[in-house]
Amino acid sequence: MNSDFRVERDSLGEVRVPIGALYGAQTQRAVENFPISGLKPWRAFIWSMAQIKRAAAEVNSDLGLLDARIATAIANAAQEVIEGKWDDQFVVDPFQAGAGTSHNMNVNEVIANRATQLLGGTLGEYLVHPNDHVNMAQSTNDTIPTAIRLGVLWRLDELLQTVEQLAEGLERKALEFDDIVKSGRTHLQDAVPVRLGQEFGAYAVAVRRDAERILRSAAGLRRLGIGGTATGSGLNAHIEYHPRMVQQLSKRTGLELYVSDNLFEAMQSMADPADFSAALRTLSITLTRTANDFRLLSSGPATGLDELRLPAVQPGSSIMPGKVNPVMAEMLNQAMYHLQGCDYTISLASQAGQLELNVMMPIIAHNLFEMMQVTIGAVRAFTLKAVYGLQPNRQKAEGWLAKNAIVVTALNPIIGYSAGAALVKEAIARDTSIVEIALEKVLSGELKHHEEGRPITREEVEAALKDLRRLTEGGLIGK
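Quick note: the sequence shown uses my numbering, first residue 797, plus one each step.
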């Protein structure tokens, strides 16, 4: 026999397992059956499953169903997994058998073998059995959806703090840029003036409202269906197991958790994870739009808008010296597109549930945890490397406004829409400002009141333009 392997048995026969592996036969079969992506479980998935195994051992021991010595060994082994000691032993590809049986057994076998070692046994001896002891009163069908919920909640505060950091950064820039009056744009065409601070204040509010959506959707994940076992019926679990498990998990994790009012629904439905995913997708939409604006407003500099100057964090070209690109905004775009792809997969997988079970849970779990990881990393980097060091180009922003013929909108109430359109056309043709054209026509007496027919005075023109400026200082446009 090859000394690099040990031989284990499962219900299908003998399996050769790497000699030092904490996992066993069923995990090894999954490794051989699913060499798909090379991806491994996210830490949140490993952590949450180990929390469930530890809590189950303690609850079953308290109920008199599991030997106290075995329960202690399981709890200690699970705690090592919780702390990240054995992350390299979780080796099953996320594209695996339905429901997550392979991942559940990977966790069961690692904890069983490690608990066996703690009791003085050897790998594969299974003084602590993966199914009979570690998996007692559990099924893949209730542990995996519970782990999805716990794993998301585990990183929720970190996610929200990262999003809040971005909102605060945008708010600081809104205050810093608040006195810069610039040309607004709609349809990518000139529009009435706004303050640069108003644009950034709107970004901040949008991000903060997305954080509220994320928090609201996370509330549904606090309902746990652990104890439903195979179909929601609770077969093989003590009648007190479900409420005790929720209480123990809440105590162990520090998370606010609740019993489910329907264990069948908790197993059948992936609506709560899908709702959370959708909230992240909405954030990704907001951030995509924001990153696009950063790229547009910083475009050029010589041939673009050039109203913003992003921090130069790396050279932008291998051939064009001095070129600097909006790389952090480009990164954020790509990350948010990835999020939307993950969400689409989750939506498809969530609706693929049939009768008492959704077998697509492994990819739902993987994508949810990936969405959180990518969001936290991308938003944090964008905030630190782009938002904090952002600078305005006041001269360019105010220069564009000076050329914006749409300020004629302020004159509409006195000269009418048609006369205003004619002024715009002439200003563009002569490449001069609308104010200059209007004042010329005031002096010549050509500019008439659209209802009274009398000539417009210089004072009326200046008052109308002053009103436009007032709107950028609060009121209708908002401050």
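Glycine included, each C-beta is placed from N, C-alpha and C at the ideal position.
In chain order, Ala840, Trp843, Ser844, Thr1049 and Leu1051 place their CB closer than 8 Å to the CB of Trp950, counting only its own chain and leaving out the 5 sequence neighbours on each side. Beta-bridge annotation (DSSP): Gln1169 is not paired with any residue. Ile815 is classed as exposed because its beta carbon has fewer than 16 other beta carbons within 10 Å across all chains shown. Taking a C-beta distance under 8 Å as the contact criterion, Ala987 and Gly980 qualify as a contact pair.
A residue is called buried when at least 16 other Cβ atoms come within 10 angstroms of its Cβ; Met1116 does not meet this threshold and is exposed.
Separation of the CB atoms of His1162 and Trp882 is rounded to 19 Å, and the pair is thereby denied contact status at 8 Å. In this structure, the alpha-carbon of Glu876 lies about 35 Å from that of Arg1009. For the region 953-1022, the full-length alpha helix (DSSP H) segments reaching 4 residues or more read 992-1014 along the chain. Assignment of Arg1105 by DSSP, reduced to helix, strand and coil, places it in the strand class. Boundaries of the beta strand (DSSP E) around Pro814: Gly809 to Pro814. Between Asn904 and Pro926, the CB-CB gap stays under 8 Å.
Cβ-Cβ distances below 6 Å link Ala1074 to nothing in the same chain once the five nearest sequence neighbours on each side are left out. Gln1130 sits in a helix when the DSSP states are folded into three classes.
The closest CA to that of Phe973, considering only Ala1225, Arg1254 and Arg1190, is found on Arg1190. Taking a C-beta distance under 8 Å as the contact criterion, Gly965 and Tyr1184 qualify as a contact pair. For Glu1236, the enclosing alpha helix (DSSP H) covers residues Ile1230 to Ser1240.
When C-beta atoms of the region 842-861 are compared with those of the region 891-910, three or more pairs fall below 8 Å, so the two segments count as touching.
Here the alpha carbons of Gly1118 and Gly880 stand approximately 45 Å from one another.
Assigned with DSSP and collapsed to three states, Pro1111 falls in coil, not helix or strand. Residues Thr1025 and Ala1026 of the same chain have their beta carbon placed closer than 7 Å to that of Ser935, with the five preceding and five following residues left out of the count. In summary, Lys1047 is exposed, with fewer than 16 beta-carbon neighbours lying within 10 Å of its beta-carbon over all protein chains present. In the DSSP assignment, Glu905 falls within the alpha helix (DSSP H) that extends over Thr897 to Leu914. Distances from the alpha-carbon of Leu1153 to those of Thr939, Asp858, Ala1259 and Arg825 put Thr939 closest.
Sorting Leu955, Gly997, Leu1045 and Glu810 by C-alpha distance to the C-alpha of Ala1014 places Leu955 at the top.
Under the three-state reduction of DSSP output, Glu876 falls in the helix class.
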